[in-house]
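> Per UniProt numbering: the sequence shown = residues 1 to 427. Provided herewith is a single structure, encoded as structure tokens, for subsequent inquiry.
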Amino acid sequence: MSPVTVSRAIGLLAAEGRVVSRPGTGTFVARPAAGAGEAADLSWQTVALGDRVVDDRPVSALLTAPPDGVVPLTGGYLPPSLRPDKQLAAAAVRAVRGADAWAMPPLNGVAGLRRWFAAQAGGDVTAADALIVSGGQAGLTHTFRTLAAPGTPVLVETPTYPGALAAVKAAGLRAVAVPMDRDGVRPDLLAEAFAVTGARVFFCQPTCQNPTGATLTPDRRRQVLEVARAAGAFVVEDDFARFLTEHPPPTMVSMDAHGTVVYVGSLTKILAPSMRVGAVIARGPAARRLRASQLVESFFVARPLQETALEFVGSPAWRRHLAAVHAELDVRRQALVTALAARLPEATPHLVPAGGMHLWLRLPAETDEDALVEAAKRNGVLVSPGRIYYPSEPPGPRIRVTHVAATHLGELAEGVRRLAQALADVT
Ligand SMILES: Cc1ncc(COP(=O)(O)O)c(C=O)c1O
């Protein structure tokens, strides 16, 4: 070995604490610290912590990478092949060149980015209504914490995004299910749920809902706003899929003149999971509380990330990227639908969504959903069990399959083949 390699190796070992260098004497194997190797007794922490457990399972399942060779029909972010990594890197370089790149940003977020999110939300939303947050999940957490007092109910579409259910629970709130059909939440049942529970918050994903893919019709959007307004309640509009469909309908916040809607948007789904930049749009005292909540918890989103997002969405790369993702998602969705119809006719898609990444599948009533998900895993394909999308008893066996995470169409077809085999194994 060359002396350079040896000294690098010694440097590494010293950094890991395995050797100590004594100038003038030499380098020696470090003596283990007293007690090293024995497991410390941490049982005192159990007493100190009490029972305020935060259930992270729904969220960690969403964020865990599949093992090698396993086909992911799970996951909600673009795969490396669709991520605009190069253009993001170029945007990041431009962003950090600015003189104030590492300085404190305006506390509500960089002005240009707030203007951009306001324009995406549409209607008469202005930059002053927008607060930049660290992605949609942070926006939801702030929103639930801020809008409802612990112990109170929050109405949710059922089924719904498990990360929202986890955030509701972590805020000490109770999720109460409101049924949907193919056009989104049922306004008549929403009105009834407000009356029965006295809830003051309704969580809703009106566009390409996760997991069903349903999009609330414009008529229904108006009705939902009327029902919420009559109940003196907020509507939390989670617009996570706005950029995953070519022709998204107008947002609910753009139709709202009364401060009813608190809107949550994010760039992670269309760009990259680490582009943790989103916006919460609200008006009145709710907006002031949301700002206070973020300031107290984490001050603000790091300026270089905000500036990078702004650079990217202001560049020609943004439009090109949108067009490429829309085209690819359409192809993948159609390929998944076709493969399912050919190999797994027992699983009926709830609907074929106009955008987004998922299909929601109804299974024959006698299917053991857990057994199927486990058998699928053994067969080398991951799917999401339906029950995690329900705050209460599921109506029957369901799974969610995603077409975005597979590396190519061949892998998608192979995933469906393995899933069909798994269903045959458990029935
Ligand atoms: C419906 C929905 N809302 C919000 C989020 C949060 O996404 P992010 O925090 O990456 O913006 C997700 C992520 O899966 C989601 O599916």
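Built from N, CA and C at the ideal position, the CB exists for glycine as well. As the structure is a computational prediction, the values presented were derived from the model and not from experiment.
Quick check on this structure: which residue in PHE312, ALA170, GLN205 and ARG418 has the alpha carbon closest to the alpha carbon of GLY184?
The sequence position of residue 184 within the sequence shown is 184, counting from 1. It is GLN205 whose Cα lies nearest to the Cα of GLY184.
> From ARG400, ILE399 and GLU414, pick the residue whose C-alpha is nearest to that of ALA406; which is it?
On the sequence shown, position 406 is the one that residue 406 refers to. Nearest C-alpha to ALA406: GLU414.
> Pull the bridge partners of MET180 from the DSSP assignment, please.
Reading the sequence shown from its first residue, position 180 is the one you call residue 180. According to DSSP, which records beta bridges pairwise, MET180 is partnered with VAL185.
> Ignoring anything shorter than 4 residues or poking outside the stretch 45 to 76, list the alpha helix (DSSP H) runs there in chain order.
Fully enclosed alpha helix (DSSP H) runs of 4 or longer: 57 to 63.
> According to DSSP, which residues form a beta bridge with ALA175?
On the sequence shown, position 175 is the one that residue 175 refers to. Paired residue(s): VAL154.
> Would ILE132 pass as a contact of GLY109 if the rule is Cβ separation under 7 Å?
Taking the first residue of the sequence shown as position 1, residue 132 is located at position 132. Taking the first residue of the sequence shown as position 1, residue 109 is located at position 109. Cβ atoms of ILE132 and GLY109: closer than 7 Å.
> Is the stretch 281 to 291 in contact with the stretch 62 to 80, if contact means three or more CB pairs nearer than 8 Å?
They do not touch, by the three-pair rule.
> Reducing DSSP to helix, strand and coil, say where HIS358 ends up.
As a working mapping, residue 358 is identified with position 358 in the sequence shown. Note: HIS358 maps to strand in three-state DSSP.
> Measuring only the C-alpha atoms, how far is ARG174 from VAL19?
Residue 174 sits at position 174 when you count from the first residue of the sequence shown. Residue 19 sits at position 19 when you count from the first residue of the sequence shown. Spanning the two alpha carbons is a distance of roughly 54 Å.
> Since LEU131 is in the beta strand (DSSP E), which residue starts that stretch and which ends it?
As a first step, residue 131 is located in the sequence shown; it is residue number 131 there, counting from the start. 130 to 133 is the extent of the beta strand (DSSP E) around LEU131.
> Taking only three categories from DSSP, how would you classify GLU246?
For the purposes of this step, residue 246 is taken as the residue at position 246 of the sequence shown. Three-state DSSP puts GLU246 in coil, outside helix and strand.
> Let me know the secondary structure DSSP gives TYR263 once reduced to three states.
Your numbering for residue 263 matches position 263 in the sequence shown. TYR263 falls in the strand class under three-state DSSP.
> Report yes if the C-beta of MET390 is less than 6 Å from at least one heavy atom of ligand 1; otherwise report no.
Stepping through the sequence shown from its first residue, residue 390 is reached at position 390. Looking at the sequence shown, residue 390 is not Met but Tyr. Answer for TYR390: no, Cβ out of range of ligand 1.
> Roughly how many angstroms lie between the CA atoms of PRO58 and LEU42, to the nearest whole one?
If you number the sequence shown from 1, residue 58 lands on position 58. If you number the sequence shown from 1, residue 42 lands on position 42. Distance between the alpha carbons of PRO58 and LEU42: 26 Å.
> Determine whether the beta carbon atoms of SER266 and GLY136 lie at a separation below 7 Å.
Start at 1 with the first residue of the sequence shown, and residue 266 comes out as number 266. Start at 1 with the first residue of the sequence shown, and residue 136 comes out as number 136. Contact: yes.
> For PRO397, I'd like the list of residues in its chain whose CB is within less than 6 Å of its CB, leaving aside the five on either flank, ordered along the chain.
In the sequence shown, residue 397 corresponds to position 397, counting from 1. Within the same chain, PRO397 has close Cβ partners LEU363, THR367 and GLU369.
> Taking a contact to mean a Cβ-Cβ separation below 7 Å, would you say HIS408 touches LEU336 in this structure?
Along the sequence shown, one-based indexing puts residue 408 at 408. Along the sequence shown, one-based indexing puts residue 336 at 336. No, Cβ-Cβ distance for HIS408 and LEU336 is not below 7 Å.
> If we ignore side chains and look at the alpha-carbon of each, how far apart do GLN223 and ALA121 end up?
Start at 1 with the first residue of the sequence shown, and residue 223 comes out as number 223. Start at 1 with the first residue of the sequence shown, and residue 121 comes out as number 121. Their backbone Cα atoms lie some 19 Å apart in a straight line.
> With DSSP as the reference, please indicate the residues paired to ILE281 in a beta bridge.
As a working note, residue 281 is residue 281 in the sequence shown. Looking at the DSSP assignment, ILE281 forms a beta bridge with ALA130 and TYR263.
> Can you tell me which of the three DSSP states GLY396 falls into?
As a working mapping, residue 396 is identified with position 396 in the sequence shown. If DSSP states are grouped into helix, strand and coil, GLY396 belongs with coil.
> Under the assumption that VAL168 contacts PHE144 (Cβ atoms under 8 Å), give the Cβ distance between them as a whole number of angstroms.
Within the sequence shown, the letter at position 168 stands for residue 168. Within the sequence shown, the letter at position 144 stands for residue 144. At roughly 5 Å, the Cβ-Cβ gap stays under 8 Å, so VAL168 and PHE144 are in contact.
> Let me confirm a value: HIS358 is counted as buried when at least 16 other C-beta atoms fall within 10 Å, else exposed. Which label applies?
As a position in the sequence shown, residue 358 is number 358, starting the count at 1. The residue is buried, with at least 16 neighbouring Cβ atoms inside 10 Å.
> For GLU237, which beta-bridge partners are listed by DSSP?
Here residue 237 corresponds to residue number 237 of the sequence shown, with the count starting at 1. Per DSSP, CYS204 and TYR263.
> Please state the DSSP three-state secondary structure of ARG22.
Walking along the sequence shown from the start, residue 22 turns up at place 22. DSSP places ARG22 in strand when its eight states are reduced to three.
> Tell me whether PHE240 is buried or exposed, calling it buried when 16 or more other Cβ atoms sit within 10 Å of its Cβ.
Here the question's residue 240 lines up with position 240 in the sequence shown. So PHE240 counts as buried.
> How should GLY276 be labelled, buried or exposed, when 16 other C-beta atoms within 10 angstroms of its C-beta is the threshold for buried?
Here residue 276 refers to the residue found at position 276 of the sequence shown. Per the sequence shown, the amino acid found at residue 276 is Arg instead of Gly. ARG276 should be labelled buried.
> Return the Cβ separation of THR245 and THR207 in integer angstroms, given the expectation that the two are a contact with Cβ distance under 8 Å.
What you label residue 245 is simply residue 245 of the sequence shown in a count that begins at 1. What you label residue 207 is simply residue 207 of the sequence shown in a count that begins at 1. Confirmed, Cβ separation roughly 7 Å.
> Under DSSP, the alpha helix (DSSP H) around GLU311 begins and ends at which residues?
Residue numbering aside, residue 311 sits at position 311 when the sequence shown is read from its first letter. Its alpha helix (DSSP H) spans residues 303 to 313.
> Using a Cβ distance threshold of 8 Å, determine whether the stretch 81 to 92 contacts the stretch 302 to 316, with at least three qualifying pairs required.
Result yes; three or more Cβ-Cβ pairs closer than 8 Å.
> Could you check the C-alpha separation between PRO84 and HIS321 for me, to the nearest Å?
Along the sequence shown, read from residue 1 onward, the residue named residue 84 stands at position 84. Along the sequence shown, read from residue 1 onward, the residue named residue 321 stands at position 321. Straight-line Cα distance between these residues: approximately 7 Å.
> If you follow the alpha helix (DSSP H) that ARG319 is in, where does it begin and where does it stop?
Here the question's residue 319 lines up with position 319 in the sequence shown. Here the alpha helix (DSSP H) through ARG319 covers 316 to 343.
> In terms of alpha-carbon separation, which member of PHE202, VAL29 and ALA365 lies closest to PRO153?
The count along the sequence shown starts at 1 and reaches residue 153 at position 153. Among PHE202, VAL29 and ALA365, the Cα nearest to that of PRO153 is on PHE202.
> Within the same chain, show all residues whose beta-carbon is closer than 7 Å to that of PRO187, passing over the 5 residues directly before and after it, in chain order.
Position 187 of the sequence shown, counting from 1, holds the residue named residue 187. Hits under 7 Å: ARG220, GLN223, VAL224 and VAL227.
> In chain order, what residues of the same chain have a beta carbon less than 7 Å from the beta carbon of SER392, not counting five sequence neighbours either side?
Counting from one through the sequence shown, the residue named residue 392 turns up at place 392. ALA177.
> Tell me whether the beta-carbon of LEU190 lies closer than 7 Å to the beta-carbon of PRO179.
Sequence index remark: in the sequence shown, residue 190 carries index 190 (1-based). Sequence index remark: in the sequence shown, residue 179 carries index 179 (1-based). Not a contact, by the Cβ cut-off of 7 Å.
> State yes or no: is the C-beta of GLN223 nearer than 6 Å to some heavy atom of ligand 1?
The count along the sequence shown starts at 1 and reaches residue 223 at position 223. It does not: the Cβ of GLN223 is nowhere closer than 6 Å to a heavy atom of ligand 1.
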